[in-house]
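This report concerns only the one structure given below.
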Amino acid sequence: GQQVMQIPQYQHVQEGEDFTTYCNSSTTLSNIQWYKQRPGGHPVFLIQLVKSGEVKKQKRLTFQFGEAKKNSSLHITATQTTDVGTYFCAGKEVENAGGTSYGKLTFGQGTILTVHP
Amino acid sequence: DGGITQSPKYLFRKEGQNVTLSCEQNLNHDAMYWYRQDPGQGLRLIYYSQIVNDFQKGDIAEGYSVSREKKESFPLTVTSAQKNPTAFYLCASREGETQYFGPGTRLLVL
Numbered sequence: 001g002q003q004v005m006q007i008p009q010y011q012h013v014q015e016g017e018d019f020t021t022y023c024n025s026s027t028t029l030s031n032i033q034w035y036k037q038r039p040g041g042h043p044v045f046l047i048q049l050v051k052s053g054e055v056k057k058q059k060r061l062t063f064q065f066g067e068a069k070k071n072s073s074l075h076i077t078a079t080q081t082t083d084v085g086t087y088f089c090a091g092k093e094v095e096n097a098g099g100t101s102y103g104k105l106t107f108g109q110g111t112i113l114t115v116h117p
Numbered sequence: 118d119g120g121i122t123q124s125p126k127y128l129f130r131k132e133g134q135n136v137t138l139s140c141e142q143n144l145n146h147d148a149m150y151w152y153r154q155d156p157g158q159g160l161r162l163i164y165y166s167q168i169v170n171d172f173q174k175g176d177i178a179e180g181y182s183v184s185r186e187k188k189e190s191f192p193l194t195v196t197s198a199q200k201n202p203t204a205f206y207l208c209a210s211r212e213g214e215t216q217y218f219g220p221g222t223r224l225l226v227l
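Chain order of the listed sequences is X and C.
For the first sequence, this note's numbering gives the first residue as 1, with consecutive numbering after it.
For the second sequence, this note's numbering gives the first residue as 118, with consecutive numbering after it.
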């Protein structure tokens with residue numbers, strides 16, 4: 001079945017440093033989504049990427065979708081203490097012809113970001 | 118105030134006991150999902166439902182059961198067959214491609 005690998009598992013940075021997490025899928029994806037989970041909280045949707053090579057920005061966050069639609073990255077510029085949490089990618093597999101969309105996502109293991117003030 | 122609610126926030130289970138986790142949504146979403154979260158393993162799909170009276174097994178369905186008698190409700194039962202139930206359980210509903218998560222239930226085995 002589809003597997004989504006995410007690295008690194010942990011990342012400790014000083015406030016103001018940049019941060020990047022990478023996501024790789026074993027199969028071609030229809031789309032990829034990114035979620036953030038604050039400590040003790042639940043995942044919250046950040047963004048969805050659909051097109052090959054797509055780049056989207058949200059303030060200090062930059063999201064990329066690879067040309068082959070099998071990998072993605074999230075880059076945070078100049079981290080702040082409010083950025084702490086676990087960042088998950090979640091991929092939706094390309095369906096075969098005649099398939100029914102169930103919206104089934106496969107989540108990566110997540111990257112736990114710690115920001116030291 | 119729309120959203121997804123899960124109860125209880127914490128749940129303790131004795132050995133051999135079945136427990137049911139509640140998930141309710143008033144977002145009018147058709148699709149709902151149950152995930153299990155363990156440290157370092159991300160979210161794993163237990164069951165999902167696309168519509169009332171229909172549900173499908175996810176990747177780790179063994180030891181769990183669900184029902185979907187109402188659009189708003191998708192309860193998860195953790196049965197005694199689930200040998201390692203201690204985890205954080207998250208319910209979600211879907212609109213378009215986006216999943217919206219509830220606050221979660223933390224299940225602990227005594």
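For glycine and all other residues, C-beta sits at the position ideal for the given N, C-alpha and C.
Inter-residue distance for V13 (chain X) and I76 (chain X) is about 11 Å (C-alpha atoms, whole angstroms). S139 (chain C) is bridged by DSSP to C:S124.
9 Å or more divides the Cβ of F218 (chain C) from the Cβ of L225 (chain C). For F65 (chain X), there are no C-beta contacts with chain C under 8 Å, since the nearest C-beta of that chain is about 14 Å from it. Assigned with DSSP and collapsed to three states, T106 (chain X) falls in strand.
Not a single CB atom of chain C sits nearer than 9 Å to the CB of A78 (chain X).
Sequence-distant Cβ neighbours of K69 (chain X) in its own chain, meaning closer than 7 Å and more than five residues away, are T28, L29, S52.
Measuring C-alpha to C-alpha distances from T62 (chain X) to each of X:D18, X:I112, X:S26, X:P43 identifies X:D18 as the nearest. Among the CB atoms of chain X, none fall inside 9 Å of the CB of R185 (chain C). Sequence-ordered contacts of the region 214 to 226 of chain C with chain X read E214, T215, Q216, Y217, F218, G219, P220, G221 [C-beta pairs closer than 9 Å]. Taking a 10 Å sphere around the C-beta of Q64 (chain X), we find 16 or more other C-beta atoms and assign the residue as buried.
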